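Take a look at the structure set out below.
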Amino acid sequence: MMDTVYISHGSPMMAIDESIPARKFLKTWQQIFKERPKAILIISGHWDTKEPTVNVVNRNETIYDFYGFPKSMYKLKYTPPGAPLLAKRVKELLMENGFKRVHEDKTRGVDHGAWVPLMLMYPEANIPVCQLSVQTDRDGTYHYNLGKALAPLREEGILIMGSGATTHNLGTMQPSGSPVPSWALQFDTWLKNALLEGRYEDVNHYDSRAPYGKMAHPWPDHFYPLHVAMGAAGENAKAKLVHHSWDHGTLSYASYQFTAPK
Numbered sequence: 000m001m002d003t004v005y006i007s008h009g010s011p012m013m014a015i016d017e018s019i020p021a022r023k024f025l026k027t028w029q030q031i032f033k034e035r036p037k038a039i040l041i042i043s044g045h046w047d048t049k050e051p052t053v054n055v056v057n058r059n060e061t062i063y064d065f066y067g068f069p070k071s072m073y074k075l076k077y078t079p080p081g082a083p084l085l086a087k088r089v090k091e092l093l094m095e096n097g098f099k100r101v102h103e104d105k106t107r108g109v110d111h112g113a114w115v116p117l118m119l120m121y122p123e124a125n126i127p128v129c130q131l132s133v134q135t136d137r138d139g140t141y142h143y144n145l146g147k148a149l150a151p152l153r154e155e156g157i158l159i160m161g162s163g164a165t166t167h168n169l170g171t172m173q174p175s176g177s178p179v180p181s182w183a184l185q186f187d188t189w190l191k192n193a194l195l196e197g198r199y200e201d202v203n204h205y206d207s208r209a210p211y212g213k214m215a216h217p218w219p220d221h222f223y224p225l226h227v228a229m230g231a232a233g234e235n236a237k238a239k240l241v242h243h244s245w246d247h248g249t250l251s252y253a254s255y256q257f258t259a260p261k
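Residue 163 in numbering that gives the first Met the number 0 is what sits at position 164 of the sequence shown, and the numbering runs on without skipping anything.
Structure representation (structure tokens):
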């Protein structure tokens with residue numbers, strides 16, 4: 000029975016910038032999480048579609064979905080095997096659970112919300128990877144239910160991984176090393192307490208129940224992957240904070256593990 004996880008992937012620079020603390024955490028991933036998954040289903044904040052979509056490919060190409068970064072970033076390659084059978088299974092589970100339309104994308108590879116953390120976690124790039132999109136015109140409960148539909152995958156050796164950012168307001172970022180402003184700290188602390196106390200319904204309604212919810216996430220794309228990972232673990236799952244750090248003042252790298260009761 001696999002746990003589910005939510006990773007704050009932060010800046011794409013984590014791929015090369017050794018000063019980012021979360022980079023060190025992800026590089027020790029296999030020492031912390033020793034069970035090797037058969038495949039990885041990753042829900043990235045960088046793939047937003049009208050309806051749920053999975054990528055059905057034999058080999059994942061590297062997508063450089065960022066601009067203005069050092070040239071070395073565009074030379075990095077992470078091309079893990081695709082997971083077409085997992086993609087079909089995801090589609091089947093979602094449709095069985097009331098998601099009437101689930102699409103297949105037969106050309107899309109892995110965006111930087113997937114390959115940057117995975118390159119650090121599993122540098123061998125030999126574990127099959129499937130991506131699932133988010134729907135930002137829906138709410139947290141919708142994505143929680145999306146995760147609930149995928150729960151059987153945990154018994155099939157699949158690592159369900161949300162990848163986003165615990166706080167994601169790029170317009171408020173400061174130079175690296177800047178102090179954390181009060182609003183970001185208040186939201187981040189509220190989220191940690193809600194997760195550790197199992198108040199998942201509060202997290203589903205974070206936009207109305209959390210302090211500075213809209214400030215922390217003006218657009219919810221990087222937060223909904225958390226709801227999917229949370230839902231896939233189940234309502235009685237225990238959350239654990241597995242990493243916490245800040246960068247650029249307002250960017251939280253808090254990452255969580257969800258363990259269902261045995």
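Positions of the beta carbon are idealized from the N, C-alpha and C atoms, including for glycine. Here the structure is a predicted model, which means the values were calculated and not measured.
{"Check": "Pair every Cβ in the segment 232-240 with every Cβ in the segment 163-180, then say whether three or more of these pairs are closer than 8 angstroms.", "Outcome": "no"}
{"Check": "Could you give the C-beta distance for ASP16 and ILE62, rounded to a whole number, given that I count them as a contact under 8 angstroms?", "Outcome": "Their Cβ separation, rounded to whole angstroms, is 20 angstroms, which puts ASP16 and ILE62 out of contact at 8 angstroms."}
{"Check": "Does ASN54 pass the burial test, meaning 16 or more other C-beta atoms within 10 Å, or should it be called exposed?", "Outcome": "buried"}
{"Check": "What are the boundary residues of the alpha helix (DSSP H) that includes GLY230?", "Outcome": "223-232"}
{"Check": "Measuring only the C-alpha atoms, how far is TYR255 from PRO122?", "Outcome": "21 angstroms"}
{"Check": "Tell me the rounded alpha-carbon separation between PHE32 and ASP2.", "Outcome": "10 angstroms"}
{"Check": "Could you spell out the range, first to last residue, of the alpha helix (DSSP H) harbouring VAL202?", "Outcome": "199-203"}
{"Check": "So the candidates are LEU250, PHE257, PRO217, ARG208; which of them puts its Cα closest to the Cα of GLY230?", "Outcome": "PHE257"}
{"Check": "If you drop the 5 nearest sequence neighbours on each side, which residues of the same chain put their C-beta closer than 6 angstroms to that of TYR77?", "Outcome": "THR61, TRP114, MET118, ALA124"}
{"Check": "Would you check if there are 3 or more beta carbon pairs closer than 8 angstroms linking the segment 211-226 to the segment 127-142?", "Outcome": "yes"}
{"Check": "For a test of the three-state rule: what should DSSP assign to ASP134, helix, strand or coil?", "Outcome": "In the sequence on display, residue 134 carries Gln and not Asp. Correct three-state label for GLN134: coil."}
{"Check": "Excluding five sequence neighbours on each side, which residues of the same chain lie with their C-beta closer than 6 angstroms to the C-beta of ASN96?", "Outcome": "ALA148"}
{"Check": "Taking 8 angstroms as the cut-off, is the CB of LEU194 close to at least one heavy atom of the ligand HEM?", "Outcome": "You won't find the ligand HEM in this model; it holds no ligand whatsoever."}
{"Check": "Secondary structure at PHE186, three-state DSSP: helix, strand or coil?", "Outcome": "helix"}
{"Check": "Look at the alpha carbon of HIS45 and the alpha carbon of VAL101, and state the distance between them as a whole number of angstroms.", "Outcome": "18 angstroms"}
{"Check": "Mark ASN235 as exposed unless 16 or more other C-beta atoms lie within 10 angstroms of its C-beta, in which case mark it buried.", "Outcome": "exposed"}
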